[in-house]
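The next block holds one structure in the form of structure tokens; read it before the comments.
Number of protein chains: 2
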Amino acid sequence: MTHSRLALLGFGNVGRAFARLLIRKEVELRDKYGITFTVTGIATGRHGIAVDHEGINLKTALELAENGQTLAALSRLPIRDSLDFIHSVSADVLFENSPVNHHTGEPAATHLRLALERGMHAITANKGPVVHAYHQLTDLARKMERKFYFESTVMDGAPIFSLFRSALPGAQLKSLRGILNSTTNLIISRMEAGETFEQAVKYAQAIGIAETDPSADVEGWDAAIKVAALVTVLMDIPLKPQEVERQGIRCITPAYIAEARAQGKRWKLVCTARREGNTVSARVAPEMVAPDSPMFSVEGTSSIVEFETDTLTSLSIVEGNPGPETTAYGLLADFINAVR
Amino acid sequence: MTHSRLALLGFGNVGRAFARLLIRKEVELRDKYGITFTVTGIATGRHGIAVDHEGINLKTALELAENGQTLAALSRLPIRDSLDFIHSVSADVLFENSPVNHHTGEPAATHLRLALERGMHAITANKGPVVHAYHQLTDLARKMERKFYFESTVMDGAPIFSLFRSALPGAQLKSLRGILNSTTNLIISRMEAGETFEQAVKYAQAIGIAETDPSADVEGWDAAIKVAALVTVLMDIPLKPQEVERQGIRCITPAYIAEARAQGKRWKLVCTARREGNTVSARVAPEMVAPDSPMFSVEGTSSIVEFETDTLTSLSIVEGNPGPETTAYGLLADFINAVR
Numbered sequence: 013m014t015h016s017r018l019a020l021l022g023f024g025n026v027g028r029a030f031a032r033l034l035i036r037k038e039v040e041l042r043d044k045y046g047i048t049f050t051v052t053g054i055a056t057g058r059h060g061i062a063v064d065h066e067g068i069n070l071k072t073a074l075e076l077a078e079n080g081q082t083l084a085a086l087s088r089l090p091i092r093d094s095l096d097f098i099h100s101v102s103a104d105v106l107f108e109n110s111p112v113n114h115h116t117g118e119p120a121a122t123h124l125r126l127a128l129e130r131g132m133h134a135i136t137a138n139k140g141p142v143v144h145a146y147h148q149l150t151d152l153a154r155k156m157e158r159k160f161y162f163e164s165t166v167m168d169g170a171p172i173f174s175l176f177r178s179a180l181p182g183a184q185l186k187s188l189r190g191i192l193n194s195t196t197n198l199i200i201s202r203m204e205a206g207e208t209f210e211q212a213v214k215y216a217q218a219i220g221i222a223e224t225d226p227s228a229d230v231e232g233w234d235a236a237i238k239v240a241a242l243v244t245v246l247m248d249i250p251l252k253p254q255e256v257e258r259q260g261i262r263c264i265t266p267a268y269i270a271e272a273r274a275q276g277k278r279w280k281l282v283c284t285a286r287r288e289g290n291t292v293s294a295r296v297a298p299e300m301v302a303p304d305s306p307m308f309s310v311e312g313t314s315s316i317v318e319f320e321t322d323t324l325t326s327l328s329i330v331e332g333n334p335g336p337e338t339t340a341y342g343l344l345a346d347f348i349n350a351v352r
Numbered sequence: 013m014t015h016s017r018l019a020l021l022g023f024g025n026v027g028r029a030f031a032r033l034l035i036r037k038e039v040e041l042r043d044k045y046g047i048t049f050t051v052t053g054i055a056t057g058r059h060g061i062a063v064d065h066e067g068i069n070l071k072t073a074l075e076l077a078e079n080g081q082t083l084a085a086l087s088r089l090p091i092r093d094s095l096d097f098i099h100s101v102s103a104d105v106l107f108e109n110s111p112v113n114h115h116t117g118e119p120a121a122t123h124l125r126l127a128l129e130r131g132m133h134a135i136t137a138n139k140g141p142v143v144h145a146y147h148q149l150t151d152l153a154r155k156m157e158r159k160f161y162f163e164s165t166v167m168d169g170a171p172i173f174s175l176f177r178s179a180l181p182g183a184q185l186k187s188l189r190g191i192l193n194s195t196t197n198l199i200i201s202r203m204e205a206g207e208t209f210e211q212a213v214k215y216a217q218a219i220g221i222a223e224t225d226p227s228a229d230v231e232g233w234d235a236a237i238k239v240a241a242l243v244t245v246l247m248d249i250p251l252k253p254q255e256v257e258r259q260g261i262r263c264i265t266p267a268y269i270a271e272a273r274a275q276g277k278r279w280k281l282v283c284t285a286r287r288e289g290n291t292v293s294a295r296v297a298p299e300m301v302a303p304d305s306p307m308f309s310v311e312g313t314s315s316i317v318e319f320e321t322d323t324l325t326s327l328s329i330v331e332g333n334p335g336p337e338t339t340a341y342g343l344l345a346d347f348i349n350a351v352r
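Just so you know, the sequences run in chain order A and B. Residue numbers 13 to 352, in our numbering, belong to the letters of the first sequence in order. Residue numbers 13 to 352, in our numbering, belong to the letters of the second sequence in order.
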């Protein structure tokens, strides 16, 4: 049996879905994997921070957070902020789910670095640190004999990084192609159903997919960051989002949509990256996709990535209907793989 | 560094493709995984058997086999048959690629059992023993502290079993749905392009996809065996091909094809399995598939399987354009995962 003390930094939709998944899987983890756990710390953005080395009742914490009450009442120690939290918590694994910062990867990268330095496994659903600090955090994790895992950063918990790590040994990634931003895919799907761009954006905002300022999605930044993360990790070539040739979907008008339909095709915001020796060319741009492509059927918030390796001509992973529960599963899979 | 002595039983298209892949990957295996190897035995169906504990030159063996010459000249010992081969060869891993027997899984199951008993890892591309002897071979492998791996049996080397083994921990498979028989998918694709059933079968035979007697494919037996293998391993519920409700594609006429096209759909031979408590209902039957399904774009010899787990609503794996090289890669991946 392996016992792990868990620290949850970030207790929004994903953090709370992960807490619920931990409760649901507690018996299975113990019986099937010999893994038991205690949650020893929870840091929220707006509802306080709790640290208790004897364990925090997760159900109580969820109830407090969902009722908008502070978690500080559950704490043995007064905790000032997230850095103080990581310094104070007695934990073996940190789950970092703070809001993403596309430009610097901070403060997530600092949280993860600090956790690794304190001897914790560092697991995150935040793509910022993968793009901005992958090599540094991976080297630190190796030195500390801990794991830095981040399955949930690109495809909401569908296995991509673990696929290459463990199921595709001896395969060299030559190129990838996919649909990785759900907001733009949903907007285009809604426009195909007759909505204007503005109506489709409003809908995506109403269901909590798009941000108040949707430009990071609409202009292809989120997709570019995901391409950069995939290339950096899977091709082992550091690539910054700024180095991805990028065109958003603002150019897609109802007339474009109609033209694609007349050809039996659909517009998709397509991500591509191709290795060329020791460099890579990467791009995010709208493309017309025909029904003979597996991308054609990828609807709404679903996503796909097609890999070409030196051993498999074409291997695609398609994820349908993701949600916070899916992202939470990616964190759970990383946890099991880190400690088993 | 780990050194492995390899025995190759079966040296047809897949066995030879695997030998070529071993040659191509030799340096990468050593430098990246610390794995070195010697091939100490090759047993062919019609071109003799070679055993040499000091190692057989793979390039020479390939040349002999491809020129229709016997490999016996490379042997230190006279070997009578495949059982004598497994008893005589000094090896750490057996790669079993003998022709499949759908009804009994023999002689492959016996080959694999014998190899495990002699302390070898047992790796196969042959689905017969997975369906007929999975639990027996898995228990024996556990007892001997060896691996019984078979990634290439269902989707030509695309990662399915290793996906669940290592990339999807803590996920319980609830249902699956897919296109797993390439011959029937190719036949239907050719019929959509205007060929008759007979013409399409002849084409599939001409390119070496369909057997002289295509009934195992056409009547859905091959698909049923693959469903049985997936259910047996991934749901841990023993299922025989005979227990899969099965309808082949002989009912698909040009009129059916035209009717589907008029609805914007395509016929596919669809495999389904759904867990119901501790039992499973499984089926192979033609279905009309709409463009909103990822199965719609699966053309010719490509294949797909869509998984529903208790943690991911929909995760599909699509493999495009497989060949003997793809199957060979599944064997290589199993080899690396068995010994690393």
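Just so it is clear, CB atoms sit at the ideal spot from N, CA and C, and this is done for glycine as well.
Exercise for the section: Just mark residue 318 of chain B as buried or exposed, buried being the case when its beta carbon has 16 or more other beta carbons within 10 Å. Expected result: buried
Problem - residue 152 of chain B versus B/163, B/121 and B/172, residue with shortest Cα-Cα distance - result: B/121
Problem - Buried versus exposed call for residue 13 of chain A [16 or more other C-beta atoms within 10 Å across all chains shown] - result: exposed
Handout entry: Neighbourhood of residue 345 of chain A by C-beta distance below 8 Å, restricted to the same chain and skipping five residues each side
Key = 163, 169, 171 and 174
Exercise for the section: Would you please state the rounded distance, in angstroms, between the beta carbons of residue 55 of chain B and residue 21 of chain B? I believe it to be under 8 Å. Expected result: 5 Å
Practice task
Look at the Cβ atom of residue 184 of chain B, then the Cβ atom of residue 321 of chain B, and state whether they are nearer than 8 Å.
Solution key: yes
Practice task
Check residue 159 of chain B in the structure and name its three-state DSSP category.
Solution key: Three-state DSSP puts residue 159 of chain B in coil, outside helix and strand.
Handout entry: the stretch 324-332 of chain A touching the stretch 78-87 of chain A, judged by at least three CB pairs closer than 8 Å
Key = no
Exercise for the section: Please confirm if the stretch 199-208 of chain B is in contact with the stretch 270-287 of chain B, defined as three or more CB-CB distances below 8 Å between the two stretches. Expected result: Touching, per the Cβ criterion.
Problem - 8 Å Cβ cutoff met for residue 47 of chain B and residue 352 of chain B - result: yes
Problem - Which of helix, strand or coil DSSP assigns to residue 298 of chain B - result: strand
Practice task
Report the rounded CA-to-CA distance for residue 287 of chain B versus residue 115 of chain A, giving the unit in angstroms.
Solution key: 45 Å
Handout entry: Start-to-end residues for the beta strand (DSSP E) that takes in residue 14 of chain A
Key = 14-21
Handout entry: Same chain, Cβ closer than 7 Å to residue 125 of chain A, five either side skipped, listed in chain order
Key = These residues qualify, in order along the chain: 149 and 152.
Problem - Distance between residue 17 of chain B and residue 134 of chain A (C-alpha atoms, nearest Å) - result: Taking the straight line from one Cα to the other gives about 38 Å.
Practice task
Evaluate residue 35 of chain A with the Cβ neighbour count: other Cβ atoms within 10 Å of its Cβ, from every protein chain shown; 16 or more gives buried, anything less gives exposed.
Solution key: exposed
Handout entry: Cβ of residue 205 of chain A within 8 Å of any chain B Cβ
Key = no
Exercise for the section: Note down, in chain order, every chain A residue with its Cβ under 9 Å from the Cβ of residue 309 of chain B. Expected result: 302, 303, 304, 305, 306, 307, 308 and 309
Exercise for the section: From the DSSP output, in three-state form, read off residue 99 of chain B for me. Expected result: helix
Handout entry: Limits of the beta strand (DSSP E) - the one that residue 328 of chain B falls within
Key = 326-332
Problem - Other residues of its chain near residue 261 of chain A: CB distance less than 7 Å, five sequence neighbours each side excluded - result: 196, 199, 200, 230, 281 and 298
Practice task
Express the C-alpha separation of residue 226 of chain B and residue 111 of chain B in angstroms, rounding to a whole number.
Solution key: 15 Å
Problem - Exposure label - residue 71 of chain A; buried when at least 16 CB within 10 Å - result: exposed
Problem - C-beta neighbour in chain A for residue 142 of chain B, strict 8 Å - result: no
Handout entry: Cβ pair residue 2 of chain A, residue 310 of chain A closer than 8 Å
Key = With chain A covering 13 to 352 only, the question about residue 2 of chain A has no answer from this structure.
Handout entry: Under 8 Å between C-beta atoms of residue 67 of chain B and residue 51 of chain B
Key = Less than 8 Å divides the Cβ of residue 67 of chain B from the Cβ of residue 51 of chain B.
Practice task
May I ask which residues mark the beginning and end of the alpha helix (DSSP H) holding residue 227 of chain B?
Solution key: 227-230
Problem - Extent of the continuous alpha helix (DSSP H) to which residue 310 of chain A belongs - result: It is not in any alpha helix (DSSP H) - residue 310 of chain A carries neither H nor E in the DSSP assignment.
Practice task
Just tell me which of A/113, A/109, A/141 and A/157 has its CA closest to the CA of residue 130 of chain A.
Solution key: Closest option to residue 130 of chain A, Cα to Cα, is A/157.
Practice task
Would you tell me roughly how many angstroms separate the C-alpha atoms of residue 246 of chain A and residue 210 of chain B, rounded to the nearest one?
Solution key: 45 Å
Handout entry: Through-space distance from residue 109 of chain A to residue 58 of chain A, alpha-carbon basis
Key = 14 Å
Problem - DSSP three-state assignment for residue 257 of chain A, whether helix, strand or coil - result: strand
Handout entry: Bridge-paired residues (DSSP) for residue 186 of chain B
Key = DSSP lists no partner for residue 186 of chain B.
Handout entry: residue 88 of chain A burial status per 10 Å Cβ neighbour count (16 or more: buried)
Key = exposed
Exercise for the section: Using the DSSP secondary-structure output, state which residues sit across from residue 293 of chain A in a beta bridge. Expected result: A/286
Practice task
Sort A/270, A/102, A/336 and A/41 by Cα distance to residue 220 of chain A and report the nearest one.
Solution key: A/336
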